[in-house]
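A.B. asks:
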Amino acid sequence: MELKRVQGAIQADFDKVNILIKESLESEVELLNTINKYLLNLKGKQIRPLLCLLSAKACTEMTPVTISCAAVSEMIHTATLMHDDVADNSSVRRGSPTVQSAFSPAASVLTGDYWLAKALSLLVKENDPKVLGFFTRAVEELSEGELFQMQKASKLDTSEKDYLEIITRKTSSLFVAAVASGAYSGGAGDKIIEDMSRYAYHLGIAFQIRDDIFDYMPDLNTGKNAGTDIREKKITLPLICALERAKPQERDEMLMLIKESLYDDDSLVKKTLDFVKRYDGISSAQNALSQHSKIAIDALKDLKESIYKNELADLALYVGTRLV
Numbered sequence: 001m002e003l004k005r006v007q008g009a010i011q012a013d014f015d016k017v018n019i020l021i022k023e024s025l026e027s028e029v030e031l032l033n034t035i036n037k038y039l040l041n042l043k044g045k046q047i048r049p050l051l052c053l054l055s056a057k058a059c060t061e062m063t064p065v066t067i068s069c070a071a072v073s074e075m076i077h078t079a080t081l082m083h084d085d086v087a088d089n090s091s092v093r094r095g096s097p098t099v100q101s102a103f104s105p106a107a108s109v110l111t112g113d114y115w116l117a118k119a120l121s122l123l124v125k126e127n128d129p130k131v132l133g134f135f136t137r138a139v140e141e142l143s144e145g146e147l148f149q150m151q152k153a154s155k156l157d158t159s160e161k162d163y164l165e166i167i168t169r170k171t172s173s174l175f176v177a178a179v180a181s182g183a184y185s186g187g188a189g190d191k192i193i194e195d196m197s198r199y200a201y202h203l204g205i206a207f208q209i210r211d212d213i214f215d216y217m218p219d220l221n222t223g224k225n226a227g228t229d230i231r232e233k234k235i236t237l238p239l240i241c242a243l244e245r246a247k248p249q250e251r252d253e254m255l256m257l258i259k260e261s262l263y264d265d266d267s268l269v270k271k272t273l274d275f276v277k278r279y280d281g282i283s284s285a286q287n288a289l290s291q292h293s294k295i296a297i298d299a300l301k302d303l304k305e306s307i308y309k310n311e312l313a314d315l316a317l318y319v320g321t322r323l324v
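Just so we're aligned, residue 1 is where the sequence shown starts under the numbering used here, counting upward by one.
1. Whole angstroms are fine: how far does the CA of Ile192 sit from the CA of Leu156?
2. Can you tell me where the alpha helix (DSSP H) with Asp42 in it begins and where it stops?
3. Express the C-alpha separation of Leu120 and Ser108 in angstroms, rounding to a whole number.
4. Between the C-alpha atoms of Lys277 and Ser197, what's the straight-line distance to the nearest angstrom?
5. Residues in its own chain within less than 7 angstroms of Lys309 by CB, not counting five upstream and five downstream?
6. Between the C-alpha atoms of Ser55 and Tyr38, what's the straight-line distance to the nearest angstrom?
7. CB-CB under 6 angstroms to Asp88, same chain, minus the five flanking residues each way: which ones, in chain order?
8. How big is the Cα-Cα spacing for Leu122 and Val17?
9. In whole angstroms, what separates the C-alpha of Arg93 from that of Thr321?
10. Quick one: any contact between the segment 68-76 and the segment 197-212, if contact means 3 or more CB pairs under 8 angstroms?
11. Less than 9 angstroms separating the beta-carbons of Lys118 and Glu146?
12. Let me know the alpha helix (DSSP H) ranges lying completely inside the segment 207-289, each 4 residues or longer, listed in chain order.
13. For the structure I just gave you, are there three or more beta carbon pairs, one from the segment 255-266 and one from the segment 284-297, closer than 8 angstroms?
14. Does the distance from the C-beta atom of Leu53 to that of Ile10 stay below 9 angstroms?
15. Suppose you measure from the CA of Glu141 to the CA of Gln208; what does that come to, to the nearest Å?
16. How would you call Arg48, buried or exposed, if buried means at least 16 neighbouring beta carbons within 10 angstroms?
17. Run through the DSSP bridge pairs and tell me what Arg93 is partnered with.
18. Between Leu42, Asp280, Val176 and Ser293, which lies nearest to Ile240 when the distance is taken from Cα to Cα?
19. Runs of 4 residues minimum, wholly inside the segment 71-131: which ones carry the alpha helix (DSSP H) assignment?
20. For a test of the three-state rule: what should DSSP assign to Gly320, helix, strand or coil?
21. If we cut at 9 angstroms on Cβ distances, does Pro49 have a partner in chain B?
22. So, do the segment 176-183 and the segment 122-139 have three or more beta carbon pairs nearer to each other than 8 angstroms?
23. Below 8 angstroms on the Cβ atoms is my contact criterion, and I expect Thr60 with Ala188 to pass it. Report the Cβ-Cβ distance as a whole number of Å.
24. Terminal residues of the continuous alpha helix (DSSP H) containing Asp15?
25. Quick one: measure Cβ to Cβ for Gly182 and Leu51, integer angstroms, because I've assumed they're closer than 8 angstroms.
26. Quick one: Cα of Lys125 to Cα of Gly186, how far?
27. Let me know if Glu311 comes out buried or exposed under the rule of 16 or more other beta-carbons within 10 Å of its beta-carbon.
28. Cβ atoms of Leu257 and Lys271: under 9 angstroms apart, would you say?
29. Look up Ala177 in the DSSP assignment and say whether it is helix, strand or coil.
30. From Phe148 to Ile166, what distance separates their C-alpha atoms?
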């Protein structure tokens, strides 16, 4: 499955979303316009607006509110990336310098704030408390998830339960907002919105597990540098699964190595990759990935048959595909 193919099927709607984003971000401040242009030229998969648009079409119809919600989902996502890059001191994203690297950390934080403000302005214009509620809850959870992850990184005691809590807040929350707002704007009733929110929740979990697996697979051309998470002392599912299988002494030695290593310690990455491979951490994580993908697909069973429902199911199937 190719995201570009799916996007191409609703290209006219996608064009409206990107035009709205661009117009909403226009400013009288030259530096801000320069940064915005830089960001818009680097746009990624745009999976959140894609989910929003598909959800509306799978329910009943596309509306102007759907376009706004799709734009908001991408603007909030981009804003959080700018904030994350400063928090993690990341210099590269999607193969290009981050805003904090190309401009400055302060510019990254303030531009992220601006994107958030403009996203909320779009929501306020819709004058619908339910739509506003979908996204304000997501922003709250995004912030809490990032801080909870920082808290756990400082102690290196992330359990699988903690990990799921983190990615529920950091990833699934915005997936749910995008899908629920799309379904709602498309005229869906409460039962269908609930079903589609469950789809989005499990898709978001699967999506993040897949991304975290990539961190332990340097041979895949994913655009993500292997070992980034472990350099930042983020304990994700492949390592959690390996630590659970290791002998207590090896487990303690691995955690001590992570704790005492510096960010640019390449030997840490190699030793951690070897450790995860030895204890089959990737396979265990992929089993969880597949499980969440299947639950996501099952959540769509009561949705009326359409090509858009099929695309949503295929997207979950694609995300859940085993990587090795």
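We put the CB at the ideal spot given by N, CA and C, even for glycine. Quantities reported herein were computed from a predicted structural model and do not represent experimental measurements.
C.D. replies: Looking at the coordinates:
1. If I take the Cα positions, the gap works out to 40 angstroms.
2. With the sequence shown as reference, residue 42 is identified as Leu, and Asp is not the correct amino acid for it. Neither: Leu42 is in no alpha helix (DSSP H) and is coded neither H nor E.
3. In a straight line, the C-alpha of Ser108 is about 18 angstroms away from that of Leu120.
4. Cα to Cα, Lys277 sits roughly 34 angstroms from Ser197.
5. Only residues of its own chain outside the window of five on either side were considered, and among them Ala58, Leu300 and Leu303 have a CB closer than 7 angstroms to the CB of Lys309, listed in chain order.
6. Looking at the two C-alpha atoms, the distance is approximately 29 angstroms.
7. So the qualifying residues of the chain are Glu232.
8. Roughly 12 angstroms between the two C-alpha positions.
9. Cα-Cα distance, rounded: 24 angstroms.
10. Taking one beta carbon from each stretch, the segment 68-76 and the segment 197-212 have fewer than 3 pairs nearer than 8 angstroms; the two do not touch.
11. It is not a contact, given that the beta carbons lie outside the stated cut-off.
12. Fully enclosed alpha helix (DSSP H) runs of 4 or longer: 228-231, 237-245, 248-260 and 266-278.
13. The segment 255-266 is not in contact with the segment 284-297.
14. Between Leu53 and Ile10, the gap from beta carbon to beta carbon is short of 9 angstroms.
15. Straight-line Cα distance between these residues: approximately 15 angstroms.
16. The residue is buried, with at least 16 neighbouring Cβ atoms inside 10 Å.
17. Looking at the DSSP output, Arg93 bridges to Ser96.
18. Of the candidates Leu42, Asp280, Val176 and Ser293, the one whose C-alpha sits nearest the C-alpha of Ile240 is Asp280.
19. As far as the segment 71-131 is concerned, its whole alpha helix (DSSP H) runs of at least 4 residues are 99-102 and 105-126.
20. Here DSSP, grouped into helix, strand and coil, assigns Gly320 to coil.
21. Here chain B cannot be found, since the structure has a single protein chain.
22. Yes, they touch.
23. Yes, Thr60 and Ala188 are in contact; Cβ-Cβ is about 7 angstroms, under 8 angstroms.
24. Annotation: the continuous alpha helix (DSSP H) that includes Asp15 extends over Gln11 to Ser24.
25. Distance from Gly182 to Leu51 at the Cβ level is roughly 7 angstroms; contact confirmed, criterion being Cβ atoms closer than 8 angstroms.
26. Roughly 18 angstroms between the two C-alpha positions.
27. Buried, since its Cβ has 16 or more Cβ neighbours within 10 Å.
28. Yes, the pair counts as a contact, with Cβ atoms nearer than the cut-off.
29. It is helical.
30. Taking the straight line joining both Cα atoms gives about 7 angstroms.
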